[in-house]
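Structure first, commentary second.
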Amino acid sequence: MMAAQFTLTSSAFKPDAPIPVEFTCDGPDRSPALAWNGAPAGTKAFALISDDPDAPAGTWVHWVIYNLPVSVTLLPEAVPTSETVPSLGGALQGKNDFRKIGYGGPCPPPGKPHHYHFTLYALDAALPLKAGATKAEVQRAMQGHILGTAVIVGTYQRRPR
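Using our numbering, the first residue of the sequence shown is number 58, and each one after it goes up by one.
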């Protein structure tokens with residue numbers, strides 16, 4: 058019997074397809090709904106990092122959320138931009154590159170479409186971090202604890218006004 062594949066999906070956009078405007082800075086800037094299944098055996102917590110490797114100044118971090126309990130298998134649309142999210146089992150949110158806590162949607166300069174990677178990490182332990190950690194701090198804390206990853210990529214392109 059094969060192990061279930063660890064997958065991440067969104068009801069807001071299909072893989073490699075455009076992210077709707079309501080999840081960007083050109084709209085209400087709500088986080089999109091994400092759901093996953095097939096987490097590896099031994100998973101105790103999840104962490105999600107969303108970033109844009111196409112940003113002019115290098116990879117731009119849009120969302121860092123971690124210590125999602127294994128019982129959580131979806132992020133609803135419009136996760137509150139608070140340090141702790143009680144409705145998600147007390148998950149913690151980190152700082153994005155907009156210098157804010159929680160989700161900050163796509164906001165690229167006009168031009169080519171950018172690719173937004175939502176990467177979910179299945180971990181064998183919760184991370185010993187306080188709320189407000191950066192992507193780099195979360196990545197350091199995850200070292201040696203990643204059991205699997207699942208990714209969905211969406212695109213967004215701003216038109217010149």
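Idealized CB from N, CA, C, for every residue including glycine.
Check                                                                                                  : Outcome
Span separating the alpha-carbon of D111 from that of K169                                             : 9 angstroms
Cβ-Cβ distance between A179 and A90 below 8 angstroms                                                  : no
Bridge partners - P113, DSSP secondary structure assignment                                            : In DSSP, P113 forms no bridge with anything.
Proximal residues to W93 (C-beta, below 8 angstroms), its chain only, five neighbours per side dropped : F63, T64, L65, T66, F103, T130, L131, L177 and A207
Residue nearest to K152 in terms of C-alpha spacing, selected from Y123, V127, P185 and G201           : Y123
Secondary structure of P143, DSSP reduced to three states                                              : helix
Cβ contact (3+ pairs, closer than 8 angstroms) linking the region 194-212 and the region 128-147       : no
Cutoff 7 angstroms; reference P72; Cβ partners in own chain excluding five residues on either side     : I209 and V210
Own chain residues within Cβ distance below 6 angstroms of H172, not counting five before or after     : D111, V210 and T212
Of the listed residues F70, D181, Q150 and C164, nearest to T116 (C-alpha basis)                       : C164
Own chain, CB closer than 6 angstroms to K192, minus 5 neighbours either side, in chain order          : I106, V118 and V121
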